[in-house]
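Q: Numbering (the UniProt record's numbering), first residue to last: 1 to 450.
Cβ coordinates follow ideal geometry from the N, Cα and C atoms, glycine included.
One structure, pasted below without further comment.
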Ligand SMILES: [Zn+2]
């Protein structure tokens with residue numbers, strides 16, 4: 001009975017000698033097919049000892065998911081790395097070729113390109129970084145494929161969600177943008193795709209890729225003060241040309257708590273979904289918006305963050321669930337295990353299973369739900385939040401219902417702009433490049449602080 005790989009979903013509590021369930025079924029009316037896409041090789045890479053991005057957080061997540069026996073509730077897939085051609089679906093051939101060729105040993109020969117492609121402290125060259133990128137992207141594409149085929153209603157890849165990567169440049173620890181690649185694939189079969197981003201940072205790479213189309217609506221909730229990485233994501237970034245009103249940004253201040261965040265999230269997302277009527281949703285679940293994150297400044301708890309994804313699940317629309325940022329590995333893994341349970345409609349025992357590799361990592365409480373909401377003052381006054389909500393809802397009123405789209409309008413076709421819109425886009429890109437240059441030092445302070 002105590003064998004965690006037995007058919008039983010119970011474990012023996014050592015102290016009470018009672019058998020306790022790992023999870024209990026919630027049995028709500030919606031029972032989607034859920035799939036879990038994970039290649040364990042992805043957690044074996046290292047950005048460097050001092051770098052805050054730790055791929056081993058994915059191993060901790062998988063340990064918890066397996067420890068709680070959630071594999072009983074999902075189809076499990078071992079995805080292949082993305083091919084070079086698949087990566088070039090969004091990224092330039094030159095950039096992908098560069099990622100493939102450069103290694104820590106030969107990097108000195110590429111000094112000109114290292115500068116050109118913005119390789120540095122945030123996005124270093126590390127051993128196998130091309131393979132690492134191909135692995136997380138391959139898992140997102142595998143999950144996307146299952147949604148397209150209809151074999152999954154919800155497909156999960158916690159190793160994906162790297163939302164900062166640009167067409168020919170890495171950014172904010174992201175080398176290839178698996179989200180953009182996934183959405184491009186969804187657009188071949190779905191008229192409208194909604195992208196939701198609840199990472200601490202603005203989902204700039206995804207917003208930029210779809211800034212001129214009405215087929216993808218991007219909505220990002222994030223910290224914004226004009227200086228915090230990546231510097232973009234203010235209320236006035238709404239899209240250009242056909243894409244005008246199809247980018248939505250919800251800028252927030254430090255210390256936001258569960259109650260304010262969840263209330264605002266639901267107040268915005270309900271009308272977004274009813275007016276845009278997406279046929280597929282991509283949800284980025286960055287864990288750096290949790291309290292106590294090494295790079296974080298919010299006060300969210302695991303269940304608060306999870307309430308947002310639970311709300312999105314309740315619409316019953318095909319859903320791709322991705323990871324993202326998150327720099328306190330034990331809490332990242334707690335969050336993504338909890339959100340796996342939300343997707344599979346079960347309630348987990350808050351006490352971690354007794355038999356769990358790295359259980360000591362979760363000391364002293366060994367709980368799935370530690371209090372993470374007690375660190376910072378909430379700098380989001382009621383008045384500030386009401387004002388943000390009013391402005392976002394005002395933007396939404398411009399939507400005027402779901403656009404009917406030409407399915408053949410996939411990139412690069414949807415980038416057809418009038419000369420005036422071209423100028424607007426050039427100005428936007430110029431402003432963004434300027435920001436990138438200015439951010440280069442402050443980003444390092446923000447993202448790489450100890
Ligand atoms: Zn982030």
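Between the alpha carbons of residue 299 and residue 256, how many angstroms are there, rounded?
A: Straight-line Cα distance between these residues: approximately 5 Å.
Q: Rounded to a whole number of angstroms, what is the C-alpha to C-alpha distance between residue 359 and residue 68?
A: Cα to Cα, the separation comes out at about 12 Å.
Q: Can you check whether the CB of residue 168 is closer than 8 Å to the CB of residue 232?
A: Not in contact: residue 232 and residue 168 (Cβ atoms no closer than 8 Å).
Q: Buried or exposed for residue 134, going by 16 or more other Cβ atoms inside 10 Å?
A: Buried.
Q: Can you find the residues in the same chain that come closer than 7 Å, C-beta to C-beta, to residue 247, ignoring five residues on each side of it along the sequence?
A: Around residue 247: 207, 211, 218, 237, 238 and 239.
Q: Kindly list the residues whose CB is nearer than 6 Å to the CB of residue 265, restricted to its own chain and excluding five residues on each side of it in sequence; keep chain order.
A: Correct list, in chain order: 308.
Q: For residue 344 and residue 31, what's the separation of their Cα atoms in angstroms?
A: In a straight line, the C-alpha of residue 344 is about 8 Å away from that of residue 31.
Q: What does the alpha-carbon distance come out to for the pair residue 282 and residue 288?
A: Taking the straight line joining both Cα atoms gives about 18 Å.
Q: Decide if residue 339 is buried, meaning its Cβ has at least 16 other Cβ atoms within 10 Å, or exposed.
A: Per the 10 Å Cβ criterion, buried.
Q: Short of 8 Å in beta carbon distance, which residues of its chain neighbour residue 434, apart from the five on each side in sequence? Order them along the chain.
A: There are no such residues.
Q: Grab me the residues of residue 80's own chain with a C-beta within less than 6 Å of its C-beta, minus the 5 sequence neighbours each way, in chain order.
A: Here the set comprises 138.
Q: Mapping DSSP to helix, strand and coil, what is residue 448?
A: Model confidence at residue 448 stands at a pLDDT of 36, short of 50, so the residue's coordinates are unreliable and nothing is read from them.
Q: What's the gap between the Cα of residue 5 and the Cα of residue 295?
A: Reliability of the predicted coordinates at residue 5 is poor, the pLDDT of 41 falling under 50, and no value is obtained from them.
Q: My output table needs one value for residue 2: the three-state DSSP class, helix, strand or coil.
A: Caution applies to residue 2, whose pLDDT of 38 falls short of 50 and renders its modelled position unreliable; the model cannot decide the point.
Q: Whose CA, out of 328, 349, 323 and 273, lies closest to the CA of residue 317?
A: Minimum Cα distance to residue 317 is reached at 273.
Q: For residue 60, which residues of its own chain have a beta-carbon under 8 Å away from its beta-carbon, when the five flanking residues on both sides are left out?
A: So the list reads 329, 330, 332, 333, 358 and 361, once near-sequence residues are dropped.
Q: Based on DSSP bridge pairs, tell me the residues matched to residue 247.
A: Beta-bridge pairing links residue 247 to 218.
Q: Reducing DSSP to helix, strand and coil, say where residue 165 ends up.
A: The answer is coil: DSSP assigns residue 165 none of H, G, I, E or B.
Q: Is residue 200 near ligand 1, with its Cβ less than 7 Å from a heavy atom?
A: Yes, ligand 1 has a heavy atom inside 7 Å of this Cβ.
Q: The alpha helix (DSSP H) that contains residue 209, what's its start and end?
A: Looking at the DSSP string, the run of the alpha helix (DSSP H) that includes residue 209 is 204-209.
Q: Straight-line CA distance for residue 112 to residue 305?
A: Roughly 42 Å between the two C-alpha positions.
Q: Between the C-alpha atoms of residue 170 and residue 423, what's the straight-line distance to the nearest angstrom?
A: Cα-Cα distance, rounded: 25 Å.
Q: Can you determine whether any heavy atom of ligand 1 sits closer than 7 Å to the C-beta of residue 325, and answer yes or no?
A: Under cutoff, so the answer is yes.
Q: Compute the beta-carbon to beta-carbon distance between residue 279 and residue 192, rounded to the nearest angstrom, for a pair I have assumed lies under 8 Å.
A: Indeed they touch by this definition, with Cβ atoms about 6 Å apart.
Q: Classify residue 388 as helix, strand or coil using the three-state DSSP reduction.
A: The answer is helix: DSSP assigns residue 388 an H, G or I state.
Q: Would residue 376 and residue 254 be called neighbours here (beta carbons separated by less than 8 Å)?
A: Contact flag set, yes.
Q: Less than 7 Å separating the Cβ of residue 286 from some heavy atom of ligand 1?
A: Yes, the beta carbon of residue 286 sits closer than 7 Å to at least one heavy atom of ligand 1.
Q: For residue 180 versus residue 205, is the C-beta distance shorter than 8 Å?
A: Yes, they are a contact pair.
Q: Look at the Cβ atom of residue 182, then the Cβ atom of residue 323, and state whether they are nearer than 8 Å.
A: No, these two residues do not count as a Cβ contact at 8 Å.
Q: Considering only residues of the region 85-141, which uninterrupted beta strand (DSSP E) runs meet the minimum length of 3 residues and lie entirely inside it, listed in chain order?
A: Counting only runs of 3 or more, we get nothing.
Q: Confirm, please, whether the CB-CB distance from residue 155 to residue 321 is below 8 Å.
A: Cβ distance < 8 Å, so residue 321 and residue 155 count as in contact.
Q: Between 325, 226 and 379, which has its C-alpha nearest residue 431's C-alpha?
A: Residue 226 is the option with its Cα nearest to residue 431.
Q: Determine the burial state of residue 209: buried for a count of at least 16 other Cβ atoms within 10 Å of its Cβ, exposed for fewer.
A: Buried.
Q: Using the rule of at least 16 other Cβ atoms within 10 Å of the residue's Cβ for burial, across every protein chain shown, is residue 140 buried or exposed?
A: With 16 or more other Cβ atoms within 10 Å, it is buried.
Q: Taking the CB atoms as reference points, tell me whether residue 314 and residue 23 lie closer together than 8 Å.
A: For residue 314 and residue 23, no; Cβs fall outside 8 Å.
Q: Please tell me whether residue 245 and residue 398 are closer than 8 Å, where the distance is taken between their beta carbons.
A: Yes, Cβ-Cβ distance for residue 245 and residue 398 is below 8 Å.
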